[in-house]
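Chemist: Those protein sequences? They're chains G and X, same order as listed. Numbering-wise (the working numbering), the first sequence opens with residue 18 and increments by one. Numbering-wise (the working numbering), the second sequence opens with residue 2 and increments by one. The C-beta atom is built at its ideal place from N, Cα and C for all residues, glycine as well.
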Amino acid sequence: MRVPLSRVAHARSGDKGDGSNVGLIADTPEIFELLRAQVTAERVKEHFREVCRGAVERYEVPNLGALNFILHDSLGGGGTESLKTDAQGKTHGQGLLTLEIEVPAELLAEDR
Amino acid sequence: MRAVRIGNGQGFWGDSVDAPVELLRGGEIDYIGMDYLAEVTLSIMMRQKLKDPAAGYATDFIGFVRRVLPELVERNVKVICNAGGLNPQGARARVFEVARELGVGGFKVGVVEGDDILPRLPELIAAGHELANMETGEPIAPIVDRVTSANAYLGARGVVEALGAGALIVLCGRITDTALALAPMAHEFGWDFEDWDRLSAGTIAGHVIECGAQCTGGNFSRWWEVPDLWNVGYPVVEAHEDGTFVVTKHEGTGGMVTVDTVSEQLLYEMGDPRQYVGPDCVADFTSVRLAQEGLDRVRVSGIRGGPRTPFLKVSASYLEGYKATGQITVSGPRAVEKARLAAETVWKRLERAGVRFAPEQTTVELLGTGACLPGVLAPPADPPEVVLRLGVRDGDRDKLARFGMEIAPLVTAGPPGVTGFAGGRPKPQEVVAYWPALLAREEVEGRVTVSVEEA
């Protein structure tokens, strides 16, 4: 089934210089394997193409069942220089959770 | 050895003024850490200090001391904070004044100094320290005249020394947030400052609690699962000598501490999870093990780390022109089209007046149409209202003042349904930009001073 990440994962974001970071945490080890395979740096870059002007880097944090993404040049200059409402990337985690992935129906918990 | 209970009552300057008081009164606690410094706060404090040599620290902290000082002394609850800003001695003098007013004495206040390198910038540059911007690689020399603050992030050792000398309150300037938790652990357990795994454990404990309620249910993705968020308990770590700790909160408070809330905070503002570089060590977040050991109790273990680097991070700020933002609300049918027309109207009227801005120095946001996440969230087809937010950035203050004059006329000389213009014309604000850099640690550490005085 194709579902938004919010069904199977949770996330938090914040600023990292003139970029943001988004931590994406899987609900289960099985889901973590799906995230690893499907939520690539390229897909995240495409998802945030109008937000992120730079590259997207991905790190794995398997002990937390998590991936960490750095969205370079995504804050309009960052911190105090930026004219954006979201100058600190606080909303990027919520944005990533709308990305859709394929999840076998048997891995889906109750509706979230 | 019993566990040491270390809380965080202030995640940033502007956080809840009641949180540290609730943390003190709501249960058992040995240490309260409080963070008052954002990236450019010290620059604001610099200006305050120039006007008044007694100023330059976080005055909110004095309000906290006034509310709770007798209880701190009576229960021997220690407070560690960076509220000293650019003037920790001044902050201590004020704490002592408040103590006299309250008739409280017999306690010690420590001050850790040596983070402020602004006066030494010319000498450091002359000695070959580039202080290159970590984002751009540019050396600091060309902008040094515009620098308004420059502080090195100190580690935990100065605070440990102050605690060792019996300080009840430790006032610092720029120390790293995580040291607010690491320092009491290193002090209580006598940790060696080359025991990288334990230092990393204390650092990660500090990272988990440094943003206050962000590990106890605040800013949590599944907010609907969080009970009584209004009364969210600020975090407490129960630390053990071996570097393991439990993240929890006082009983009877709202919020929740779960593997999920702690995981989210572990990843907050994370770069490379294997190399979390701090002043005392390099912590490895991929070594962290989390386990739910009870309601609102998450056990953290397994933490490893490596030696500190030869550098300290420096946070400098400098003036980079001005910016101004203004907004109006546009309601009724075809609100998006009307808001776009209003924005175009502003730019064209400015152009007629001879005021032009480079396109990359302007912003137009239609709040209510997914402006924070363009291209990510689909905008609604015809929202009943949107907020039009316009912003400009320029080196010329007068141009920004002129921009500020073009918002109000939209109410009568713009499309219909424009409202919500209040608070007067947008004013140009100085942009205090952030300059992160690295500096050889020996340039700073030999000059850190710790003084402890009794009230």
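Alpha carbons only, please: which of X:Trp-436, X:Val-451 and X:Val-247 is nearest the one belonging to Ser-150 (chain X)?
Modeler: As a working mapping, residue 150 (chain X) is identified with position 149 in the second sequence. It is X:Trp-436.
Chemist: Run through the DSSP bridge pairs and tell me what Cys-173 (chain X) is partnered with.
Modeler: As a first step, residue 173 (chain X) must be located in the second sequence, where it is residue number 172. X:Val-113, per the DSSP bridge assignment.
Chemist: Let me check one thing: in DSSP terms, what residues is His-27 (chain G) bridge-paired to?
Modeler: Against the first sequence, residue 27 (chain G) aligns to sequence position 10. His-27 (chain G) pairs with G:Ile-42.
Chemist: So, at 6 Å on beta carbons, what are the nonlocal neighbours of Tyr-76 (chain G) in its own chain, with the 5 sequence-adjacent residues on each side left out?
Modeler: By one-based count along the first sequence, residue 76 (chain G) stands at place 59. Contacts found: Asn-85.
Chemist: Between Glu-239 (chain X) and the rest of its own chain, which residues show a CB-CB distance below 7 Å, the 5 nearest in sequence each way excluded?
Modeler: For the purposes of this step, residue 239 (chain X) is taken as residue 238 along the second sequence, with counting starting at 1. Once the five neighbours on either side are set aside, the close Cβ partners of Glu-239 (chain X) are Ala-4, Arg-6, Phe-246, Val-247 and Thr-249.
Chemist: Run through chain G and tell me which residues come within less than 7 Å of Ser-264 (chain X), C-beta to C-beta.
Modeler: As a working note, residue 264 (chain X) is residue 263 in the second sequence. Ile-42, Leu-81 and Ala-83, listed in chain order.
Chemist: Quick check: Leu-200 (chain X) and Gly-306 (chain X), are their CB atoms within less than 8 Å of each other?
Modeler: Counting from one through the second sequence, the residue named residue 200 (chain X) turns up at place 199. Counting from one through the second sequence, the residue named residue 306 (chain X) turns up at place 305. Yes; because the gap between Cβ atoms is below 8 Å, this pair is in contact.
Chemist: Quick one: any contact between the region 198 to 212 of chain X and the region 276 to 286 of chain X, if contact means 3 or more CB pairs under 8 Å?
Modeler: Yes: the two stretches touch, three or more of their Cβ pairs being nearer than 8 Å.
Chemist: Would Gln-430 (chain X) be called buried (16 or more neighbouring beta carbons within 10 Å of its own) or exposed?
Modeler: Here the question's residue 430 (chain X) lines up with position 429 in the second sequence. Exposed: under 16 other Cβ atoms inside 10 Å.
Chemist: Could you tell me whether the Cβ of Glu-45 (chain G) comes closer than 8 Å to any Cβ of chain X?
Modeler: As a first step, residue 45 (chain G) is located in the first sequence; it is residue number 28 there, counting from the start. It is Thr, not Glu, that sits at residue 45 (chain G) in the sequence shown. It does not: the Cβ of Thr-45 (chain G) has no partner Cβ on chain X nearer than 8 Å.
Chemist: With three or more beta-carbon pairs closer than 8 Å as the criterion, would you say the region 216 to 226 of chain X touches the region 315 to 334 of chain X?
Modeler: They do not touch, by the three-pair rule.
Chemist: Could you tell me whether any Cβ in chain G is nearer than 8 Å to the Cβ of Met-46 (chain X)?
Modeler: Taking the first residue of the second sequence as 1, we reach residue 46 (chain X) at position 45. Taking Cβ atoms only, chain G never reaches closer than 8 Å to Met-46 (chain X), which makes this a no.
Chemist: Please determine if the region 9 to 22 of chain X and the region 33 to 42 of chain X are in contact, where contact requires at least 3 C-beta pairs separated by less than 8 Å.
Modeler: The region 9 to 22 of chain X is in contact with the region 33 to 42 of chain X.
Chemist: Let me know the secondary structure DSSP gives Pro-334 (chain X) once reduced to three states.
Modeler: Counting from one through the second sequence, the residue named residue 334 (chain X) turns up at place 333. DSSP places Pro-334 (chain X) in coil when its eight states are reduced to three.
Chemist: How about Gly-376 (chain X): is its C-beta nearer than 8 Å to some C-beta of chain G?
Modeler: Along the second sequence, read from residue 1 onward, the residue named residue 376 (chain X) stands at position 375. For Gly-376 (chain X), the answer is yes, since a Cβ of chain G falls inside 8 Å of its Cβ.
Chemist: If you count every other CB in all the chains shown that lies within 10 Å of the CB of Val-209 (chain X), and 16 or more means buried, which is it?
Modeler: Mapped onto the second sequence, residue 209 (chain X) falls at position 208. By the neighbour-count rule (16 or more Cβ atoms within 10 Å), Val-209 (chain X) is buried.
Chemist: Would Val-56 (chain G) count as contacting chain X if we go by Cβ distances under 8 Å?
Modeler: Translated into positions along the first sequence, residue 56 (chain G) becomes position 39. Answer no: the Cβ-Cβ gap between Val-56 (chain G) and chain X never drops below 8 Å.
Chemist: Assuming contact is defined by CB atoms lying nearer than 8 Å, are Asp-44 (chain G) and Ala-126 (chain G) in contact in what I supplied?
Modeler: Indexing the first sequence from 1 puts residue 44 (chain G) at position 27. Indexing the first sequence from 1 puts residue 126 (chain G) at position 109. In this structure, Ala-126 (chain G) lies closer than 8 Å to Asp-44 (chain G) by Cβ.
Chemist: According to the Cβ coordinates, are Asp-31 (chain X) and Lys-109 (chain X) closer than 8 Å?
Modeler: Taking the first residue of the second sequence as position 1, residue 31 (chain X) is located at position 30. Taking the first residue of the second sequence as position 1, residue 109 (chain X) is located at position 108. No, the Cβ-Cβ distance between Asp-31 (chain X) and Lys-109 (chain X) is not below 8 Å.
Chemist: Taking only beta-carbon positions, decide if Leu-88 (chain G) is within less than 8 Å of chain X.
Modeler: Within the first sequence, the letter at position 71 stands for residue 88 (chain G). Taking Cβ atoms only, chain X never reaches closer than 8 Å to Leu-88 (chain G), which makes this a no.
Chemist: By the 10 Å Cβ neighbour count, where 16 or more other Cβ atoms means buried, how is Ala-182 (chain X) classified, buried or exposed?
Modeler: The count along the second sequence starts at 1 and reaches residue 182 (chain X) at position 181. By the 10 Å Cβ count, Ala-182 (chain X) comes out buried.
Chemist: Unbroken alpha helix (DSSP H) runs of length 4 or more, entirely within the region 83 to 115 of chain G: which are they?
Modeler: Taking only runs of at least 4 residues, the alpha helix (DSSP H) segments lying wholly in the region 83 to 115 of chain G are 109 to 113.
Chemist: So what's Ala-202 (chain X) in DSSP terms, helix, strand or just coil?
Modeler: Taking the first residue of the second sequence as 1, we reach residue 202 (chain X) at position 201. If DSSP states are grouped into helix, strand and coil, Ala-202 (chain X) belongs with the helices.
Chemist: Under 8 Å, do Cys-69 (chain G) and Leu-88 (chain G) count as touching if we go by C-beta distance?
Modeler: Position 52 of the first sequence, counted from the first residue, corresponds to residue 69 (chain G). Position 71 of the first sequence, counted from the first residue, corresponds to residue 88 (chain G). Yes, the pair counts as a contact, with Cβ atoms nearer than the cut-off.
Chemist: What in chain G is Cβ-close to Gly-234 (chain X), meaning under 8 Å?
Modeler: As a first step, residue 234 (chain X) is located in the second sequence; it is residue number 233 there, counting from the start. By Cβ distance, chain G contributes nothing, its closest Cβ being about 19 Å from Gly-234 (chain X), past 8 Å.
Chemist: Name the two residues that bound the continuous alpha helix (DSSP H) containing Phe-246 (chain X).
Modeler: For this step, residue 246 (chain X) is matched to residue 245 along the second sequence. First-last for Phe-246 (chain X): 246 to 250, but that is the beta strand (DSSP E), not the alpha helix (DSSP H).
Chemist: For Gly-96 (chain G) and chain X, any beta-carbon pair shorter than 8 Å?
Modeler: Here residue 96 (chain G) corresponds to residue number 79 of the first sequence, with the count starting at 1. Cβ-Cβ to chain X under 8 Å: yes for Gly-96 (chain G).
Chemist: Along the region 57 to 72 of chain G, where does the CB come closer than 9 Å to a CB of chain X? Name the residues.
Modeler: So the close ones are His-64, Phe-65, Arg-66, Glu-67 and Val-68.
Chemist: Check for me: the alpha helix (DSSP H) holding Gln-276 (chain X) runs from which residue to which?
Modeler: Residue mapping note: residue 276 (chain X) aligns to position 275 of the second sequence, counting from 1. Taken as a continuous stretch (DSSP letters only), Gln-276 (chain X) belongs to no alpha helix (DSSP H), as it is neither H nor E.
Chemist: Do you know offhand how far Phe-358 (chain X)'s Cα is from Asp-399 (chain X)'s?
Modeler: Looking up residue 358 (chain X) in the second sequence gives position 357. Looking up residue 399 (chain X) in the second sequence gives position 398. Going by the C-alpha atoms only, they are around 12 Å apart.
Chemist: Between which two residues does the alpha helix (DSSP H) containing Gly-165 (chain X) stretch?
Modeler: The sequence position of residue 165 (chain X) within the second sequence is 164, counting from 1. Run containing Gly-165 (chain X): 158 to 165, per the alpha helix (DSSP H) assignment.
Chemist: Output yes if chain G places a C-beta closer than 8 Å to the C-beta of Glu-136 (chain X); else output no.
Modeler: Here residue 136 (chain X) corresponds to residue number 135 of the second sequence, with the count starting at 1. Closer than 8 Å: yes.
Chemist: From the beta carbon of Ala-28 (chain G), is the nearest beta carbon of chain X less than 8 Å away?
Modeler: Counting from one through the first sequence, the residue named residue 28 (chain G) turns up at place 11. Yes, Ala-28 (chain G) counts as interfacial toward chain X.
Chemist: According to the Cβ coordinates, are Leu-100 (chain G) and Gly-392 (chain X) closer than 8 Å?
Modeler: Translated into the one-based positions of the first sequence, residue 100 (chain G) becomes position 83. Translated into the one-based positions of the second sequence, residue 392 (chain X) becomes position 391. For Leu-100 (chain G) and Gly-392 (chain X), yes; Cβs fall inside 8 Å.
Chemist: Determine the direct distance from the alpha carbon of Gly-167 (chain X) to that of Gly-111 (chain X), and round the result to whole angstroms.
Modeler: Taking the first residue of the second sequence as 1, we reach residue 111 (chain X) at position 110. Taking the first residue of the second sequence as 1, we reach residue 167 (chain X) at position 166. If you take the alpha carbons of Gly-111 (chain X) and Gly-167 (chain X), they lie about 8 Å apart.
Chemist: With a cut-off of 8 Å on the beta carbons, I'd call Leu-92 (chain G) and Gly-106 (chain G) a contact; round off their distance for me.
Modeler: As a position in the first sequence, residue 92 (chain G) is number 75, starting the count at 1. As a position in the first sequence, residue 106 (chain G) is number 89, starting the count at 1. The pair is a contact, with the Cβ atoms about 6 Å apart (cut-off 8 Å).
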